[in-house]
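Chains as they are written, first to last, in the working numbering: chain A, 227 to 520; chain B, 227 to 520; chain C, 227 to 520; chain D, 227 to 520.
See the structure below:
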């Protein structure tokens, strides 16, 4: 019989993950800070819980996917949080992008309550979440992973078991750094050619015939050329993730010069934007001020 | 009848280009500063010239592909250079990576002698050069491009006509910036995970399942994991190209923060290496000093 | 009559501040995590408390000067912390370098207990602390400042009332950024001339005849030339402060490119050092590996 | 008897240097690309030459102080340049800020004509030039310096003999890097405090009580607070000098992360300004777009 699943966080990633869990036949209980985000999932059969604690009480596998470390602290350790209602023998799957240390603390807290813990941040974007093709970067015990594989397989095609708790977030932060700096690289190249009077499309064409072509640059490059930045991977989240990567590197004594430089670009754009945009909007750093607030 | 071709520069790129020109049936005259680099081409039927001027005198299409702006200045304007022997009605195809301004000067000089000029820097690396799958970034007249397409097709599969002379190098410099910063991004991600105790192979695996995957990262990532840096795209040339991109950007007033940061990384590694290495050796910036001189 | 003073934190700054408070005739109660750091102050008449709470219970003015935000959280909010024993009507003077937000939280907590709060981070280094010539960057009510001026004057010559709580730390973080990047600038200039074969002393001489001369560069420049980095302002603390400045800037959307670049240099050096050093040891980023661990 | 002096270049620095040479009683011949810049010097007794060659023909000591390497190449090696008219036994004093290598070439050319050569770039700004308080960074033979000391003393108070030709420009480029990054540091600190709502004057006040205080920051800090950027040290020249410093560092394999980051800031501002401004206008990088073109 399929395990009952709880899902905490119904954002750009969590929402389609929930839809896929329902589609796969899991009994699903959901919670989101803004409850209405779950309306259609409820219409499709999900139960709505009033608190994360209630989700935990109703689930064998509890998945959390929220925006940042304070949000994870709140949904796990808050007064009405997961740890206030966790069922012994359950598994907590933490899929937010946070620090390795926070996951280690959460794993210890889960163990103290007789539960198992897996960190499983994801990559693949909203598109991957919708198609059920997410990739999970897993840290934790192999046996715990084994237990939740049926659940993961409802949402994604692949998972990498990267080591003990902490290894997943380390790789996740490194991956986001890679994605962000790759997009920064294209934005810089684009700024150079367009300021020199060469159409940006030319750069995109050549890039797509080069060794540097990636699905990410296909997608984000096209967004930059159109100047349309509907959030797929929101800039505010990438800004946060890059900050977490730099913090981790600074604890470890690892210099990250290009990531540090690019973080300040994201930062300037974040400070100037008036609405939620995709992180590829970092290209507006070079744009006419008309598209920026200040 | 196929045009007679002259080829000046038999380095990592020029040498396989010469082999492909011969294979395609062109009568070929070659010159290289270190003449012995052309021995096998001569054995395959190429004529060896004593000077670039001699190459020009023997050729309808003269291709130059040398290491940097001073080398281009020397082979074109030197006492025994191309412009000292250019045949009226011939075409000069300049495939080195240099500045847009240098190409404009060369185009004017060619025109003054009744010749045509095309800038046609390439991407694709030694692998592409050997397979005849180079991509040309062309600046110049469409009619000139038309004339030399049969020659280009012996060496590459695709060419992009990007605009007047200068547009080709602009895109080429932007592309090399993109490639370099993409590799820097992977190197930073790799430094982060390995210092945190996670195997680099894990990062490579996840990258290859992600939107950020590119043929370039497949290739350079594997080199970094092995720590083997046999030059495919030499670091000293990428260092030069990134400098040219930054110079162009600085003339245009375009800030390139991540490229600037990464150039200093390349620079530190260049200052510390004792032998010729691939530019992916920028990863040794984070290595134990044992693999570096200082 | 002089107010009774409590002093929590007897590090490089706190210790000489305590000595000056005793010299000025204040009844002084001290606490430090490593108690023995206070032995000589006790010998000079200070009382030793077992906990920060005990300090608070014995003092009209409680000064805290510890290493970082977690340390401030611990000495203020910990089980045996200041807020567990604060006397109504007392004043808390928080002189650590932390975030504006942490000071605002502390101010609110003090107010809730009927006490007043002043943030008063300092500049001037150990030298200034010993000579009683510190400069205080004060945020809080003017009336609160008025009350503690007699205490401040025992430790420093000047104080700037910069605005409400938060303004002091904002200026303090900005000042440390300025000091750090100024020293980075000298270290880069020094690396350039010495690698070019010009003696570093020449740069120091010219700097001292230039508009760029500062007491800081006189001091740190001499340390770099000698390669002696006895901690005056420890690198680990400057690394922390620069991180706090970058965090604040990233909340505000203010890009700080040179500070970000220099933080990564500090970071690399911190990761490679085996002992506690002054932040001017950032110059070893350019040194032969012999002086670095890795 | 005082040597006859030629002065080539009557810009912000050269012009007041010429006035001081006249005041000191030297017979002076001047040339400037825009001749009218010398009108008042001619009114005070200087002779006006039609070409740099004519200056050389009339002078025992020929001083050149022009804007950049191409300008030095032109006034020295041009058809009507200094080397076309240099008197045997004369001394060329090259005071522009250029590369060490260019000075070495110039020294060799002077020697080939039986003349002596001294590089002597200056620091002190227009203020120092007007007061006759420049500092010269000298590279060349001690005996040559000895010969021209009477001339230098008309324009400056101090000179440092830093080594053979090349050492002077090396230190000069390093010094300008130091000055520029120091001002960048203040601008970043200022951006941080003002965005946080603290008046910039507070930062200036605290800076002036700190170890980081320098005459440069007194001057440039005040300009930034007023938002008035009348060129004393023009941004376009500092941008050029920082580029030369980075080029030299990149030849030597010395990474300069903060200088590289700051160069891109200068660059962005240069690309956006519509008029000639002081380099302290780098602070407008953080300004509302109203003060910038784009």
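Beta carbons are placed, not taken as given, at the ideal position from N, Cα and C, and that holds for glycine.
Every value quoted in this text rests on a predicted model; they were computed, and no experiment measured them.
Under three-state DSSP, which class holds residue i?
{"i": "residue 464 of chain B", "result": "helix"}
{"i": "residue 499 of chain B", "result": "coil"}
{"i": "residue 189 of chain D", "result": "Residue 189 of chain D lies beyond the residue range present for chain D, which begins at 227 and ends at 520; the question has no answer from this structure."}
{"i": "residue 365 of chain A", "result": "strand"}
{"i": "residue 294 of chain B", "result": "coil"}
{"i": "residue 386 of chain A", "result": "strand"}
{"i": "residue 407 of chain B", "result": "helix"}
{"i": "residue 352 of chain B", "result": "helix"}
{"i": "residue 235 of chain B", "result": "coil"}
{"i": "residue 482 of chain A", "result": "coil"}
{"i": "residue 470 of chain C", "result": "helix"}
{"i": "residue 516 of chain C", "result": "The pLDDT assigned to residue 516 of chain C is 35, lower than 50, so where the model puts this residue is not dependable, and the model offers no usable value."}
{"i": "residue 287 of chain B", "result": "strand"}
{"i": "residue 345 of chain C", "result": "strand"}
{"i": "residue 255 of chain B", "result": "strand"}
{"i": "residue 320 of chain A", "result": "strand"}
{"i": "residue 312 of chain C", "result": "coil"}
Which same chain residues, not among the five before or five after residue i, have their C-beta less than 7 Å away from its C-beta?
{"i": "residue 495 of chain A", "result": "461, 507, 508, 510 and 511"}
{"i": "residue 359 of chain D", "result": "350, 382 and 383"}
{"i": "residue 310 of chain D", "result": "279"}
{"i": "residue 328 of chain D", "result": "295 and 298"}
Cβ closer than 8 Å: which chain B residues qualify as neighbours of residue i?
{"i": "residue 487 of chain C", "result": "487"}
Residues of chain D with CB under 8 Å from residue i, in chain order?
{"i": "residue 412 of chain C", "result": "404"}
Using a threshold of 7 Å, state whether the C-beta atoms of residue i and residue j are closer than that.
{"i": "residue 278 of chain A", "j": "residue 234 of chain A", "result": "yes"}
{"i": "residue 363 of chain D", "j": "residue 388 of chain D", "result": "yes"}
{"i": "residue 479 of chain A", "j": "residue 402 of chain C", "result": "no"}
{"i": "residue 437 of chain A", "j": "residue 442 of chain B", "result": "yes"}
{"i": "residue 321 of chain A", "j": "residue 347 of chain A", "result": "yes"}
{"i": "residue 312 of chain A", "j": "residue 282 of chain A", "result": "yes"}
{"i": "residue 301 of chain B", "j": "residue 292 of chain B", "result": "yes"}
{"i": "residue 365 of chain D", "j": "residue 345 of chain D", "result": "yes"}
{"i": "residue 270 of chain C", "j": "residue 247 of chain C", "result": "no"}
{"i": "residue 455 of chain D", "j": "residue 504 of chain D", "result": "yes"}
{"i": "residue 340 of chain A", "j": "residue 314 of chain A", "result": "yes"}
{"i": "residue 238 of chain D", "j": "residue 258 of chain D", "result": "no"}
Find the residues of chain D that neighbour residue i, judging by a C-beta separation of less than 7 Å, and give them in chain order.
{"i": "residue 483 of chain A", "result": "483"}
{"i": "residue 501 of chain B", "result": "Result: empty, since nearest Cβ-Cβ is about 14 Å, beyond 7 Å."}
To which residues of the same chain is residue i closer than 6 Å at the C-beta, ignoring the five residues directly before and after it?
{"i": "residue 253 of chain D", "result": "230"}
{"i": "residue 326 of chain B", "result": "392, 395 and 396"}
{"i": "residue 476 of chain B", "result": "none"}
For a contact defined as C-beta to C-beta under 7 Å, what are the partners of residue i on chain C?
{"i": "residue 431 of chain D", "result": "386"}
{"i": "residue 368 of chain D", "result": "Within 7 Å Cβ-Cβ: nothing; residue 368 of chain D doesn't reach chain C, min ~15 Å."}
For residue i, which residues from the same chain have a beta carbon less than 8 Å from its beta carbon, with the 5 sequence-adjacent residues on both sides left out?
{"i": "residue 444 of chain A", "result": "434"}
{"i": "residue 361 of chain D", "result": "348, 349, 350, 354, 382, 383, 384, 385 and 386"}
{"i": "residue 488 of chain B", "result": "406, 407, 410, 468 and 508"}
{"i": "residue 255 of chain A", "result": "230, 231, 232, 233, 272, 273, 274, 275, 280, 281, 284 and 285"}
So which residues of chain B does residue i contact, with C-beta pairs closer than 9 Å?
{"i": "residue 490 of chain A", "result": "483"}
{"i": "residue 327 of chain D", "result": "What residue 327 of chain D touches in chain B: nothing, since even the nearest Cβ is about 12 Å away."}
In chain A, which residues lie with their C-beta within 7 Å of the C-beta of residue i?
{"i": "residue 400 of chain B", "result": "415, 418, 419 and 429"}
Could you list which residues in chain C have their beta carbon closer than 9 Å to that of residue i, in chain order?
{"i": "residue 339 of chain D", "result": "The premise fails here: residue 339 of chain D is roughly 27 Å from chain C at the closest Cβ pair, so nothing lies under 9 Å."}
Chain B partners of residue i, CB-CB under 7 Å?
{"i": "residue 496 of chain D", "result": "479"}
Using a cut-off of 9 Å between C-beta atoms, extract the partners of residue i located in chain D.
{"i": "residue 374 of chain C", "result": "Result: empty, since nearest Cβ-Cβ is about 19 Å, beyond 9 Å."}
inquiry  = Measuring CB atoms only, is the stretch 389-409 of chain D touching the stretch 425-444 of chain C, in the sense that at least three cross pairs come out at less than 8 Å?
reply    = yes
message = Any contact between the stretch 484-496 of chain A and the stretch 409-418 of chain B? By contact I mean 3 or more CB pairs, one from each, below 8 Å.
response = yes
task = Assess, as a yes-or-no matter, whether the stretch 457-465 of chain B is touched by the stretch 345-358 of chain B under the definition of 3 or more beta carbon pairs within less than 8 Å.
result = yes
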